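J.:
There are 2 protein chains.
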Amino acid sequence: MPMPPAFDGSKTVVAICGGVGGAKLALGLAHLLGARLTVVVNVADDFVHMGLRICPDIDTVLYTLGGRSDEARGWGRAGESWNFMAATKELGGEDWFALGDRDLALHVQRSCRLAGGETLTAVTAAVAEKFGIASKILPVTDDDLRTRVHTDAGVLDFQRYFVERRCEPEVRRIAFDGAATARLSPQVRDALASKQLGAVIICPSNPYLSIDPILAVPGLRAAMRGSGAPVVAVSPIIGGRAIKGPTAKIMQELDIAPTAATIAQHYAGLIDGLVVDSADGAEAVGLGITTCATPTLMTDLPSRIALARESLAFAARLAT
Amino acid sequence: MPMPPAFDGSKTVVAICGGVGGAKLALGLAHLLGARLTVVVNVADDFVHMGLRICPDIDTVLYTLGGRSDEARGWGRAGESWNFMAATKELGGEDWFALGDRDLALHVQRSCRLAGGETLTAVTAAVAEKFGIASKILPVTDDDLRTRVHTDAGVLDFQRYFVERRCEPEVRRIAFDGAATARLSPQVRDALASKQLGAVIICPSNPYLSIDPILAVPGLRAAMRGSGAPVVAVSPIIGGRAIKGPTAKIMQELDIAPTAATIAQHYAGLIDGLVVDSADGAEAVGLGITTCATPTLMTDLPSRIALARESLAFAARLAT
Numbered sequence: 665m666p667m668p669p670a671f672d673g674s675k676t677v678v679a680i681c682g683g684v685g686g687a688k689l690a691l692g693l694a695h696l697l698g699a700r701l702t703v704v705v706n707v708a709d710d711f712v713h714m715g716l717r718i719c720p721d722i723d724t725v726l727y728t729l730g731g732r733s734d735e736a737r738g739w740g741r742a743g744e745s746w747n748f749m750a751a752t753k754e755l756g757g758e759d760w761f762a763l764g765d766r767d768l769a770l771h772v773q774r775s776c777r778l779a780g781g782e783t784l785t786a787v788t789a790a791v792a793e794k795f796g797i798a799s800k801i802l803p804v805t806d807d808d809l810r811t812r813v814h815t816d817a818g819v820l821d822f823q824r825y826f827v828e829r830r831c832e833p834e835v836r837r838i839a840f841d842g843a844a845t846a847r848l849s850p851q852v853r854d855a856l857a858s859k860q861l862g863a864v865i866i867c868p869s870n871p872y873l874s875i876d877p878i879l880a881v882p883g884l885r886a887a888m889r890g891s892g893a894p895v896v897a898v899s900p901i902i903g904g905r906a907i908k909g910p911t912a913k914i915m916q917e918l919d920i921a922p923t924a925a926t927i928a929q930h931y932a933g934l935i936d937g938l939v940v941d942s943a944d945g946a947e948a949v950g951l952g953i954t955t956c957a958t959p960t961l962m963t964d965l966p967s968r969i970a971l972a973r974e975s976l977a978f979a980a981r982l983a984t
Numbered sequence: 665m666p667m668p669p670a671f672d673g674s675k676t677v678v679a680i681c682g683g684v685g686g687a688k689l690a691l692g693l694a695h696l697l698g699a700r701l702t703v704v705v706n707v708a709d710d711f712v713h714m715g716l717r718i719c720p721d722i723d724t725v726l727y728t729l730g731g732r733s734d735e736a737r738g739w740g741r742a743g744e745s746w747n748f749m750a751a752t753k754e755l756g757g758e759d760w761f762a763l764g765d766r767d768l769a770l771h772v773q774r775s776c777r778l779a780g781g782e783t784l785t786a787v788t789a790a791v792a793e794k795f796g797i798a799s800k801i802l803p804v805t806d807d808d809l810r811t812r813v814h815t816d817a818g819v820l821d822f823q824r825y826f827v828e829r830r831c832e833p834e835v836r837r838i839a840f841d842g843a844a845t846a847r848l849s850p851q852v853r854d855a856l857a858s859k860q861l862g863a864v865i866i867c868p869s870n871p872y873l874s875i876d877p878i879l880a881v882p883g884l885r886a887a888m889r890g891s892g893a894p895v896v897a898v899s900p901i902i903g904g905r906a907i908k909g910p911t912a913k914i915m916q917e918l919d920i921a922p923t924a925a926t927i928a929q930h931y932a933g934l935i936d937g938l939v940v941d942s943a944d945g946a947e948a949v950g951l952g953i954t955t956c957a958t959p960t961l962m963t964d965l966p967s968r969i970a971l972a973r974e975s976l977a978f979a980a981r982l983a984t
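Protein sequence lines correspond, in order, to chains A and B. Those letters in the first sequence? Residues 665 to 984, by the working numbering. Those letters in the second sequence? Residues 665 to 984, by the working numbering.
Structure (structure tokens):
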């Protein structure tokens with residue numbers, strides 16, 4: 665796969681990424697960049713369930729970049745079976761969070777290795793290697809960072825809100841417990857400090873639930889701005905609507921208009937450019953942010969790679 | 665299923681039980697006694713694997729009495745699948761101890777509940793209830809008790825010796841770490857102190873690996889003797905041979921003749937009667953121990969119930 669003509673083939677890229685939506689673009693970037701891509705992943709959705717440490721966003725990125733994701737279902741592993749869940753239910757265990765038999769291997773291995781003193785960064789790297797992933801996948805921090813959703817039904821842990829309650833409670837505020845003290849991963853800091861860095865891409869994950877907790881880690885924003893590389897966000901809005909249901913619902917509840925301009929405003933001061941969908945036009949969003957209009961709906965691998973190429977080419981133009 | 669004519673239908677029974685071999689007789693006893701049976705199970709084969717607490721003997725008894733054991737394979741759960749193991753192997757995890765997808769639910773539930781402060785006794789009772797088991801299944805102790813096998817290849821944890829090394833190293837001595845301080849489960853003490861107790865049956869599990877660690881818990885022998893009920897062991901020897909491979913091999917390595925007389929000697933001072941296989945005759949074994957000869961090979965449910973009936977009738981005769 666040829667690089668975008670404008671993007672220097674020796675440069676590296678850091679992608680800031682949440683779960684499913686972001687992982688699609690990360691896969692496109694990985695196809696183009698291989699080992700020159702570092703994906704910095706949200707950990708604020710992580711939780712301990714049945715004594716096991718589960719990292720939904722990291723797992724999604726690992727399965728997606730490792731060619732092991734279930735494309736039809738949209739989450740989890742391909743070729744999955746559910747006998748563990750059936751037996752858990754029989755024992756009266758919690759069954760609101762579906763854990764596939766294959767998926768479980770990752771949670772058990774990770775929990776065991778974390779208990780043995782390894783960092784989440786080290787465990788994630790080991791799994792990526794086993795999955796044959798050339799790109800680096802880095803948790804933004806090895807410290808505890810947890811999204812807490814303040815709703816009309818009380819304050820909920822993220823997975824309780826997102827999976828158990830299916831995003832039904834009305835969101836009033838989103839907080840990130842531990843953000844004040846979480847330490848930016850040294851590997852993330854290094855990736856952003858690299859002289860080879862050619863671009864930072866903020867993937868089209870939910871800005872409020874998936875990207876904000878990453879950006880909340882002290883030092884990350886400064887490291888992004890200080891890198892000197894252009895910072896480009898890809899808007900999750902298509903035609904004045906958030907294509908992912910929860911994002912649309914949350915934006916409405918937080919009284920935020922689902923427009924490219926809103927996204928630009930959200931990332932103002934941090935990004936140099938915003939990739940917007942062709943349907944949203946290429947009108948100026950102001951705030952010193954340049955826009956680039958292109959199809960952003962990623963329905964298959966070619967459309968993921970195409971958006972990745974376009975985003976990198978845009979970043980290259982911004983750098984000149 | 666009618667009770668043996670000689671055994672008082674209002675009496676309770678305590679069975680002392682290891683894994684597969686013992687569980688077969690326990691199942692026969694459970695068919696006859698239901699809620700009047702208490703099975704006291706070995707925990708010295710337990711271990712922590714990948715961070716999960718695994719109790720092979722308790723699990724075997726739960727699956728056997730719960731009608732969930734795989735009869736053809738001889739261990740583990742029926743209808744089992746192995747996708748967790750396949751995915752674990754892919755991740756470079758340990759694969760010497762096979763954990764089925766359904767089986768895993770029990771280990772995860774138990775580990776989580778133990779970590780939450782419940783006792784192994786409580787967790788085991790909860791699982792037995794979910795499995796619809798009327799009989800009580802009790803770990804002999806809630807404390808740590810671990811079989812360590814001294815071999816020509818060094819000192820091995822039990823599962824390392826039994827599963828990973830397939831009993832290949834030559835056994836020189838068997839030790840039970842923690843036996844000096846393990847506290848007899850109060851529920852086991854109560855079962856043996858019951859005025860309704862009609863018999864104590866030592867199942868035909870491996871005397872050295874499965875029954876000895878149970879008997880090593882301080883206070884158990886005294887509670888058995890002090891109960892006043894007849895104590896009957898069922899010999900694991902058939903026709904001068906131990907029918908289970910490891911038992912035969914270990915007896916040879918420990919220079920112990922595989923005879924009913926040897927078993928009688930091993931349990932001397934503790935038992936009143938010994939059920940021996942018809943092939944081993946009904947000759948006196950001395951030591952004040954009465955014998956009863958009957959077919960002891962348990963190939964199907966009727967033969968398990970038949971041996972249970974015979975053992976109970978024998979105990980009833982000893983009580984008069």
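Note that CB positions come from ideal geometry on N, CA and C, so glycine has one too. Computed from a prediction, not measured in an experiment: that's the story for all the values here.
Return the residues of the stretch 738-751 of chain B that lie within a Cβ-Cβ distance of less than 9 angstroms from chain A, sorted by chain order.
T.: Of all residues in the stretch 738-751 of chain B, R741, G743, E744, S745, W746, N747, F748, M749, A750, A751 have a Cβ within less than 9 angstroms of some Cβ in chain A.
J.: Using a Cβ-Cβ cut-off of 8 angstroms, state whether B/Q823 counts as contacting chain A.
T.: The residue you call residue 823 of chain B lines up with position 159 of the second sequence. Not one chain A Cβ lies under 8 angstroms of B/Q823.
J.: Within 8 angstroms of any Cβ in chain A, is that where the Cβ of B/V725 sits?
T.: In the second sequence, counting from the first residue as 1, residue 725 of chain B sits at position 61. B/V725 does not count as touching chain A.
J.: Opposite A/L770 in the DSSP bridges: which residues?
T.: The residue you call residue 770 of chain A lines up with position 106 of the first sequence. A/L770 pairs with nothing; no bridge assigned.
J.: In this structure, does DSSP put A/I901 in helix, strand or coil?
T.: Along the first sequence, one-based indexing puts residue 901 of chain A at 237. It is a strand residue.
J.: For a quick check, are the C-beta atoms of A/L800 and A/V703 less than 8 angstroms apart?
T.: Taking the first sequence and counting its residues from 1, one reaches residue 800 of chain A at position 136. Taking the first sequence and counting its residues from 1, one reaches residue 703 of chain A at position 39. First, the residue type needs correcting, since residue 800 of chain A is Lys and not Leu in the sequence shown. For A/K800 and A/V703, yes; Cβs fall inside 8 angstroms.
J.: Say whether chain B places a C-beta atom closer than 8 angstroms to the C-beta of A/M888.
T.: Along the first sequence, one-based indexing puts residue 888 of chain A at 224. Chain B, which has no Cβ nearer than 8 angstroms to the Cβ of A/M888, makes this no.
J.: Jot down the residue ranges of each uninterrupted beta strand (DSSP E) in the stretch 844-888 of chain A, minimum 3 residues, whole runs only, in chain order.
T.: Segments of the beta strand (DSSP E) lying fully in the stretch 844-888 of chain A: 861-866.
J.: What's the call for B/T955, buried or exposed, on a 16-neighbour Cβ count within 10 Å?
T.: Residue mapping note: residue 955 of chain B aligns to position 291 of the second sequence, counting from 1. Under this definition B/T955 is a buried residue.
J.: Counting only the same chain and skipping the five closest in sequence on each side, list residues whose C-beta sits under 6 angstroms from that of B/D936.
T.: By one-based count along the second sequence, residue 936 of chain B stands at place 272. Counting only Cβ-Cβ distances below 6 angstroms, and skipping sequence neighbours, we find P894, V895, L982.
J.: Short of 7 angstroms Cβ to Cβ, which residues in the stretch 763-778 of chain A face chain B?
T.: Those would be D765, R766, L768, A769, L770, V772, Q773, S775, C776, in chain order.
J.: With B/A994 and A/L755 assumed to form a contact (beta carbons below 8 angstroms), what rounded beta-carbon distance in angstroms separates them?
T.: The question about residue 994 of chain B has no answer here: the residues shown for chain B are numbered 665 through 984.
J.: In the DSSP assignment, the beta strand (DSSP E) including B/L820 goes from what residue to what residue?
T.: Position 156 of the second sequence holds residue 820 of chain B. Element bounds for B/L820: 818-821.
J.: Taking the CB atoms as reference points, tell me whether B/S869 and B/G686 lie closer together than 8 angstroms.
T.: As a working mapping, residue 869 of chain B is identified with position 205 in the second sequence. As a working mapping, residue 686 of chain B is identified with position 22 in the second sequence. Contact flag set, yes.
J.: Return the chain-ordered list of same chain residues with a C-beta closer than 6 angstroms to the C-beta of B/L784, the five sequence neighbours on each side being excluded.
T.: Walking along the second sequence from the start, residue 784 of chain B turns up at place 120. Taken in chain order, the residues that qualify are P803, D806.
J.: Going along the chain, which residues of the stretch 791-816 of chain A sit with their C-beta nearer than 7 angstroms to a C-beta in chain B?
T.: The stretch 791-816 of chain A vs chain B, Cβ under 7 angstroms: V791, K794.
J.: Please classify B/Q860 as buried or exposed, where buried requires at least 16 other C-beta atoms within 10 Å of its C-beta.
T.: Numbered from its first residue, the second sequence carries residue 860 of chain B at position 196. With fewer than 16 other Cβ atoms within 10 Å, it is exposed.
J.: Per the contact definition of three or more C-beta pairs closer than 8 angstroms, is the stretch 909-917 of chain B in contact with the stretch 866-883 of chain B?
T.: Touching, yes, given that three or more Cβ pairs across the two stretches are closer than 8 angstroms.
J.: Measuring only the C-alpha atoms, how far is B/D709 from B/I838?
T.: Within the second sequence, numbered from 1, the residue matching residue 709 of chain B stands at position 45. Within the second sequence, numbered from 1, the residue matching residue 838 of chain B stands at position 174. Between B/D709 and B/I838, the C-alpha separation is close to 12 angstroms.
J.: Starting from B/A973, trace the alpha helix (DSSP H) both ways and give me its first and last residue.
T.: Here residue 973 of chain B corresponds to residue number 309 of the second sequence, with the count starting at 1. For the sequence presented, residue 973 of chain B should be read as Arg rather than Ala. Here the alpha helix (DSSP H) through B/R973 covers 965-983.
J.: Would you report the Cα separation of A/V813 and A/D765, rounded to the nearest angstrom?
T.: Reading the first sequence from its first residue, position 149 is the one you call residue 813 of chain A. Reading the first sequence from its first residue, position 101 is the one you call residue 765 of chain A. Computed Cα separation, rounded: 29 angstroms.
J.: Name the chain B residues that come within less than 7 angstroms of A/E754, Cβ to Cβ?
T.: Mapped onto the first sequence, residue 754 of chain A falls at position 90. Result: K794.
J.: If I follow the unbroken beta strand (DSSP E) through A/P985, where does it start and stop?
T.: Any question about residue 985 of chain A goes unanswered here, given that chain A covers just 665 to 984.
J.: Residues in its own chain within less than 6 angstroms of B/L820 by CB, not counting five upstream and five downstream?
T.: By one-based count along the second sequence, residue 820 of chain B stands at place 156. Here the set comprises V813.
J.: From A/P900 to A/A886, what distance separates their C-alpha atoms?
T.: For the purposes of this step, residue 900 of chain A is taken as the residue at position 236 of the first sequence. For the purposes of this step, residue 886 of chain A is taken as the residue at position 222 of the first sequence. Spanning the two alpha carbons is a distance of roughly 24 angstroms.
J.: How about A/M915: is its C-beta nearer than 8 angstroms to some C-beta of chain B?
T.: Reading the first sequence from its first residue, position 251 is the one you call residue 915 of chain A. So no, A/M915 is outside the interface.
J.: Name, in chain order, the residues that DSSP records as bridge partners for A/A679.
T.: Here residue 679 of chain A is taken as the residue at index 15 of the first sequence, counted from 1. DSSP lists A/V703, A/I865 as partners of A/A679.
J.: Would you decide whether A/P966 is buried or exposed? Buried here means 16 or more other CB atoms lie within 10 Å of its CB.
T.: Numbered from its first residue, the first sequence carries residue 966 of chain A at position 302. So A/P966 counts as exposed.
J.: Quick check: what's the CA-CA separation for B/G945 versus B/E917?
T.: Position 281 of the second sequence, counting from 1, holds the residue named residue 945 of chain B. Position 253 of the second sequence, counting from 1, holds the residue named residue 917 of chain B. Going from the Cα of B/G945 to the Cα of B/E917 covers about 25 angstroms.
J.: Name the residues in the stretch 689-716 of chain B whose C-beta lies less than 8 angstroms from a C-beta of chain A; which are they?
T.: So the close ones are M714, G715, L716.
J.: Looking at chain A, is there any beta carbon in it that lies within less than 8 angstroms of the beta carbon of B/G781?
T.: In the second sequence, the residue the question calls residue 781 of chain B occupies position 117. No - not a single Cβ of chain A is within 8 angstroms of the one on B/G781.
J.: Assess, as a yes-or-no matter, whether the stretch 840-858 of chain A is touched by the stretch 740-747 of chain A under the definition of 3 or more beta carbon pairs within less than 8 angstroms.
T.: Short answer: they don't touch.
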